[in-house]
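Asker:
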Amino acid sequence: MTDPEYWVRQVRDTVRFADAVNALDGATVLEIGPDGTLSALTGGIPALRKDRPEEPSLLTALARLHVGGATVDWTPLLTGARRVDLPTYAFQHQRFWPDTIGMAFAAGQDPVDAAFWLAVEREDVTSLSGTLGLDGELLAALVPALSAWRARRRVESTVDSWCYREWWKPLTGLAGSALTGEWLVVVPRKRPATSGPRRWSRRSDPARSASPRAPDCPAKSGSPASCRCWASPRPRAAPEP
Numbered sequence: 001m002t003d004p005e006y007w008v009r010q011v012r013d014t015v016r017f018a019d020a021v022n023a024l025d026g027a028t029v030l031e032i033g034p035d036g037t038l039s040a041l042t043g044g045i046p047a048l049r050k051d052r053p054e055e056p057s058l059l060t061a062l063a064r065l066h067v068g069g070a071t072v073d074w075t076p077l078l079t080g081a082r083r084v085d086l087p088t089y090a091f092q093h094q095r096f097w098p099d100t101i102g103m104a105f106a107a108g109q110d111p112v113d114a115a116f117w118l119a120v121e122r123e124d125v126t127s128l129s130g131t132l133g134l135d136g137e138l139l140a141a142l143v144p145a146l147s148a149w150r151a152r153r154r155v156e157s158t159v160d161s162w163c164y165r166e167w168w169k170p171l172t173g174l175a176g177s178a179l180t181g182e183w184l185v186v187v188p189r190k191r192p193a194t195s196g197p198r199r200w201s202r203r204s205d206p207a208r209s210a211s212p213r214a215p216d217c218p219a220k221s222g223s224p225a226s227c228r229c230w231a232s233p234r235p236r237a238a239p240e241p
């Protein structure tokens, strides 16, 4: 490296790079230079890299050599250093929270009932046997069926909470009040046409701005969908103020 003739031969003679790589096969070689040009061609480990800090580059090279199986003398580098424990990995974590039985009681729910149904859902025959004072063999066939029923009822209850229901309520407290818009009057099918809401709809005050509609509904029907509407007057326009 310090002989000028060496560098002259490098410039004038044929570069036998492949022969040099084959000759070094199995050996550990440290490239000395301002960059890792030759190391990049052979998949080697450069000690210095262009435009990179020298200290991190050298430490990275030593670490890669160590990982690759080379014996690295760390003593000169780590003089005065000491070993420290690595941070805990996710797969080596340790819990410091107390374990709970996982009961989540709803507001106002009896803890005894909640504990019982929790044991049913878990099919905990031993716990239920102690609670009920019965032989576990007697409960072995019952508890799975009861647990399945409990799970099914939970699903049904959840689905029911997503639904809604429409119903009809009598409208009261409108005596003497002025109605506007279009109103639907529910009339049982068997009710005489001359009585009640139908008569009221036919005799409604023309001065009022409300226009009644009287559908026919079965007398025992609880569903508004079964009502059969009949022709009603067109909605009257509200009088000019």
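Going by the UniProt record's numbering, the first residue of the sequence shown is number 1, and it counts up by one from there.
The beta carbon of each residue, even a glycine, is placed where N, CA and C say it ideally should be.
Using a threshold of 8 Å, is the CB atom of S127 nearer than that to any non-hydrogen atom of the ligand ATP?
Answerer: The ligand ATP is not among the ligands present in this structure, which contains no ligands whatsoever.
Asker: Once the 5 residues before and after R150 are set aside, which same chain residues still bring their CB inside 8 Å of it?
Answerer: As a first step, residue 150 must be located in the sequence shown, where it is residue number 150. Excluding sequence neighbours, R150 sits near W117, V120, E121.
Asker: When we look at the beta-carbon of V15 and count the other beta-carbons within 10 Å, is it buried (16 or more) or exposed?
Answerer: Working through the sequence shown from its first residue, we reach residue 15 at position 15. Classification of V15: exposed, given that the 10 Å Cβ count is below 16.
Asker: Using DSSP with H/G/I as helix, E/B as strand and the rest coil, what is P87?
Answerer: Looking up residue 87 in the sequence shown gives position 87. Reduced to three states, the DSSP call for P87 is coil.
Asker: Can you find a CB in chain D that lies within less than 9 Å of the CB of A63?
Answerer: This model lacks chain D altogether; it includes just one protein chain.
Asker: Just to confirm the assignment, what range does the alpha helix (DSSP H) spanning L65 have?
Answerer: Residue 65 sits at position 65 when you count from the first residue of the sequence shown. 54-67 is the extent of the alpha helix (DSSP H) around L65.
Asker: Alpha carbon to alpha carbon, what distance is there between F96 and G133?
Answerer: The residue labelled residue 133 in the question sits at position 133 within the sequence shown. The residue labelled residue 96 in the question sits at position 96 within the sequence shown. Approximately 36 Å, taken between the alpha carbons.
Asker: Does the separation of the CB atoms of L86 and L59 fall below 9 Å?
Answerer: Position 86 of the sequence shown, counting from 1, holds the residue named residue 86. Position 59 of the sequence shown, counting from 1, holds the residue named residue 59. It is not a contact, given that the beta carbons lie outside the stated cut-off.
Asker: Alpha carbon to alpha carbon, how far is E5 from L41?
Answerer: Reading the sequence shown from its first residue, position 5 is the one you call residue 5. Reading the sequence shown from its first residue, position 41 is the one you call residue 41. The straight-line gap from Cα to Cα measures roughly 25 Å.
Asker: Using the C-alpha atoms, what's the distance from A20 back to V67?
Answerer: Translated into the one-based positions of the sequence shown, residue 67 becomes position 67. Translated into the one-based positions of the sequence shown, residue 20 becomes position 20. Whole-angstrom Cα-Cα distance: 24 Å.
Asker: Exposed or buried, what is V155 when buried is set at 16 or more other beta-carbons lying within 10 Å of its beta-carbon?
Answerer: Here residue 155 is taken as the residue at index 155 of the sequence shown, counted from 1. With fewer than 16 other Cβ atoms within 10 Å, it is exposed.
Asker: Enumerate in chain order the residues of its own chain whose CB-to-CB distance from L146 is below 6 Å, with the five nearest sequence positions on each side excluded.
Answerer: In the sequence shown, counting from the first residue as 1, residue 146 sits at position 146. Closer than 6 Å at the Cβ level, and outside the excluded window around L146, lie V120.
Asker: Roughly how many angstroms lie between the CA atoms of D135 and C163, to the nearest whole one?
Answerer: What you label residue 135 is simply residue 135 of the sequence shown in a count that begins at 1. What you label residue 163 is simply residue 163 of the sequence shown in a count that begins at 1. So the two alpha carbons sit approximately 42 Å from each other.
Asker: Closer than 7 Å by C-beta to P144: which residues in its own chain qualify, once you throw out the five before and the five after it? Chain order, please.
Answerer: Mapped onto the sequence shown, residue 144 falls at position 144. So the list reads E123, once near-sequence residues are dropped.
Asker: On the DSSP letters alone, give me the boundaries of the alpha helix (DSSP H) that G136 sits inside.
Answerer: Position 136 of the sequence shown, counted from the start, is the residue given in the question as residue 136. G136 -> alpha helix (DSSP H) spans 136-139.
Asker: Hey, A47 and A63: beta-carbon distance below 9 Å or not?
Answerer: Walking along the sequence shown from the start, residue 47 turns up at place 47. Walking along the sequence shown from the start, residue 63 turns up at place 63. Cβ distance not < 9 Å, so A47 and A63 don't count as in contact.
Asker: Using the beta-carbon count (16 or more within 10 Å), is L24 buried or exposed?
Answerer: Taking the sequence shown and counting its residues from 1, one reaches residue 24 at position 24. So L24 ends up on the exposed side.
Asker: With 16 as the cutoff for other CB atoms within 10 Å, does V125 come out buried or exposed?
Answerer: The sequence position of residue 125 within the sequence shown is 125, counting from 1. That one is buried.
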